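Data block below; observations after.
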Amino acid sequence: MIRLDYTFMTAPAVAGGLTDAELAGAQPAFAAARDATARRRERGELGFFGLPDDTQQVTDCAAVAVWASDRGIRDVVVLGIGGSALGPIALRTALLPSGWNLLAAAQRGGRPRLHVLDNVDPATMAALLDRVELGATLFVVTSKSGGTAETLAQYLIVRGRLEEAGRAARDHLVFVTDPERGALRRIAAAEGIVAPAIPPSVGGRFSVLSPVGLLPAALAGIDVVALLAGAGAMRARCEAAEWTANPAGAFAVLQWLADTRRNLRTQVFMPYADGLRDMAAWFVQLWAESLGKVRPDGVSVGPTPVAALGATDQHSQVQLFMEGPNDKTVTFLTLDRVSPDLPIPARHQSHDDLAYLGGHHLGELLAVEQRATAGALAARGRPSMAIALETLDAWHLGGLIMLLEVATAFAGELYGVNAFDQPGVELGKRFTYGLFGRPGFAADLAAFDHLPRPDPSRVV
Ligand code: PA5
110 MIRLDYTFMT
120 APAVAGGLTD
130 AELAGAQPAF
140 AAARDATARR
150 RERGELGFFG
160 LPDDTQQVTD
170 CAAVAVWASD
180 RGIRDVVVLG
190 IGGSALGPIA
200 LRTALLPSGW
210 NLLAAAQRGG
220 RPRLHVLDNV
230 DPATMAALLD
240 RVELGATLFV
250 VTSKSGGTAE
260 TLAQYLIVRG
270 RLEEAGRAAR
280 DHLVFVTDPE
290 RGALRRIAAA
300 EGIVAPAIPP
310 SVGGRFSVLS
320 PVGLLPAALA
330 GIDVVALLAG
340 AGAMRARCEA
350 AEWTANPAGA
360 FAVLQWLADT
370 RRNLRTQVFM
380 PYADGLRDMA
390 AWFVQLWAES
400 LGKVRPDGVS
410 VGPTPVAALG
420 ATDQHSQVQL
430 FMEGPNDKTV
440 TFLTLDRVSP
450 DLPIPARHQS
460 HDDLAYLGGH
470 HLGELLAVEQ
480 RATAGALAAR
490 GRPSMAIALE
500 TLDAWHLGGL
510 IMLLEVATAF
520 AGELYGVNAF
530 DQPGVELGKR
540 FTYGLFGRPG
550 FAADLAAFDH
560 LPRPDPSRVV
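For the sequence shown, this note's numbering gives the first residue as 110, with consecutive numbering after it.
Pasting the structure below:
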């Protein structure tokens with residue numbers, strides 16, 4: 110079960126919190142957002158809703174996992190960026206044992222190590238390529254568009270290494286890409302490279318429950334059926350007509366009200382579990398790239414998501430959350446049950462500053478610290494809410510993913526923007542193409558050349 114407790118977003122629990130009248134008054138806006146989302150879904154625009162029912166993708170990913178196992182693959186390297194990388198990273202951190210890549214093969218149940226290269230820093234890529242044994246490595250090149258510069262540059266480097274080593278490309282490459290469009294699809298078709306498809310109506314940051322996330326997960330032995338089942342169960346809960354009964358509706362409405370009625374524009378996402386650390390990075394991309402937009406009337410909108418980690422950030426950002434500008438909400442992410450928990454031995458009983466810890470458990474300390482932090486924030490008039498997962502497993506993670514994806518769709522409607530495009534990232538891409546001499550981008554290079562240059566008198 111997944112619960113969303115928003116007591117501390119509201120008055121009188123938190124001074125200045127949202128009032129009953131504001132909460133009730135949001136229902137018509139939510140109803141309109143829910144209806145608009147349903148219409149887009151009916152038009153086939155929001156493919157992520159359908160992913161929990163897509164059993165074919167499970168079969169396809171399982172088949173690739175068997176093929177890789179038969180071929181003795183010991184390292185899987187995902188090449189991708191943005192939505193094509195953050196989902197696989199979040200799944201790996203949440204659902205594989207900590208330190209997976211450091212475990213011996215037997216401790217991994219014979220499953221491969223799982224690496225995700227989500228940047229084009231040559232130091233990182235060179236180090237990984239030098240570390241893995243090429244003959245026992247599978248590269249999963251993931252790009253919805255099949256045309257992303259960073260991913261294709263990584264691919265070309267891998268391709269070069271494979272050719273230098275005399276390895277057949279299709280023995281070591283799998284592409285995850287659009288079913289028809291893009292360079293990767295064309296190469297896959299020409300060379301017989303296995304290439305599971307991302308449904309065209311599933312956008313990059315909404316793609317973790319497609320082969321983008323499912324294939325790396327299946328290769329590493331994660332229970333992808335449970336992941337999709339949890340997502341399906343949450344999808345059903347997110348159909349509710351009243352936002353107060355709808356977890357995604359509640360999350361979207363509360364964040365939107367906090368932003369637009371209280372100017373709480375920074376929205377912190379703070380898991381209290383190392384396993385959920387990368388879910389925060391995944392959420393930050395989802396929320397920021399979906400909602401930070403220019404509305405049709407020309408007004409720029411969108412909350413600023415910030416990732417934090419409990420209890421680590423209690424010794425860092427929480428000072429700012431407590432005493433800095435009161436312009437934030439905090440969403441805690443908690444686990445009801447951690448297993449196995451670690452007992453804290455009762456030692457040094459004569460030292461009061463140690464004795465109180467003994468006899469408790471580490472997970473208990475983490476949970477108490479989260480409650481203490483929420484309480485401390487509330488005492489200072491700083492609103493927060495908490496999403497609680499009964500435990501951290503594939504079913505609950507699938508549910509959490511679906512909750513946040515549906516919330517993003519609702520929030521897009523509430524803010525009056527299209528949550529499913531990203532026009533703001535295009536200009537930088539075009540300048541890059543122009544600077545790299547890509548045919549067709551000379552005008553962009555010229556536009557770039559007209560931009561102000563660094564002024565030496567302003568460089569220290
Ligand atoms: O959410 C998005 O659409 C983006 O973040 C993309 O995932 C990112 O730009 C990578 O795109 P692609 O998968 O086409 O290589």
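Here a beta-carbon is modelled for each residue, glycine too, at the ideal position from N, C-alpha and C.
Owing to the predicted nature of the structure, the values given are computational and were not obtained by experimental measurement.
Spatially closest choice to residue i from the options, by CA coordinates
i: G159; options: F378, P309 and L247; result: P309
i: A140; options: A455, T443, D368 and A354; result: A354
i: T482; options: A213, T421 and P449; result: T421
i: E289; options: D530, F248 and A298; result: A298
i: G521; options: L132, E131 and A138; result: A138
i: Y542; options: T257, P305, T233 and L237; result: T257
i: G313; options: P197, R268 and A359; result: P197
i: Q426; options: Q376, S409, G219 and H281; result: Q376
i: E131; options: R370, R562, D461 and F529; result: R370
i: G507; options: A292, L337 and V187; result: L337
i: F315; options: H559, G549, A174 and Q531; result: Q531
i: A203; options: A245, A326, L155 and V249; result: A326
i: L385; options: A215, G134, S493 and L195; result: L195
i: P405; options: L271, L486, R547 and N527; result: N527
i: M234; options: P565, L265, P561 and R149; result: L265
i: L271; options: V311, D169 and V241; result: V241
Cβ pair residue i, residue j closer than 8 Å
i: I510; j: A340; result: yes
i: F557; j: F540; result: yes
i: G189; j: S252; result: yes
i: R279; j: E259; result: no
i: M118; j: G125; result: no
i: L501; j: L536; result: no
i: A142; j: L523; result: yes
i: T440; j: M343; result: no
i: I182; j: P206; result: no
i: L463; j: H457; result: yes
i: L373; j: D461; result: no
i: L324; j: P305; result: yes
i: L167; j: V403; result: At residue 167 the sequence reads Val, which differs from the Leu that was named. No.
i: G467; j: A455; result: yes
i: T146; j: F550; result: no
i: S319; j: I302; result: no
i: A243; j: R276; result: The sequence shown places Leu at residue 243, rather than the Ala named in the question. It is a contact, given that the beta carbons lie within the stated cut-off.
i: L58; j: A292; result: Missing from the structure shown is residue 58; the chain here goes from 110 to 569 and no further.
i: V186; j: G490; result: no
i: M494; j: L113; result: yes
i: L442; j: I111; result: no
Near ligand 1: residue i beta-carbon under 7 Å from a heavy atom
i: K253; result: yes
i: S566; result: no
i: R82; result: In the structure as shown, the chain begins at 110 and stops at 569. Residue 82 is therefore absent and cannot be evaluated.
i: T541; result: no
i: Q263; result: no
i: S319; result: no
i: E398; result: yes
i: Q216; result: no
i: G192; result: yes
i: T517; result: no
i: Q364; result: no
i: T260; result: yes
i: T438; result: no
i: Q479; result: no
i: Q531; result: yes
i: T482; result: no
i: T500; result: no
i: T353; result: no
i: T257; result: yes
Rounded distance between the beta-carbons of residue j and residue i, thought under 8 Å
i: G407; j: L400; result: Going by Cβ atoms, the distance from G407 to L400 rounds to 17 Å, so no, they are not a contact pair.
i: D287; j: R294; result: 6 Å
i: A416; j: A389; result: 4 Å
i: A516; j: A350; result: In fact, because the Cβ distance is near 16 Å, the residues do not count as touching under 8 Å.
i: V173; j: V283; result: 6 Å
i: W391; j: A177; result: Going by Cβ atoms, the distance from W391 to A177 rounds to 25 Å, so no, they are not a contact pair.
i: F157; j: E514; result: 5 Å
i: W352; j: A133; result: So it is not a contact: roughly 10 Å between Cβ atoms.
i: L474; j: Y381; result: Not confirmed; about 10 Å, so no contact.
The stretch 390-401 / the stretch 426-437 touching (three or more Cβ pairs under 8 Å): They do not touch, by the three-pair rule.
With three or more beta-carbon pairs closer than 8 Å as the criterion, would you say the stretch 209-228 touches the stretch 364-383? No, the stretch 209-228 does not touch the stretch 364-383.
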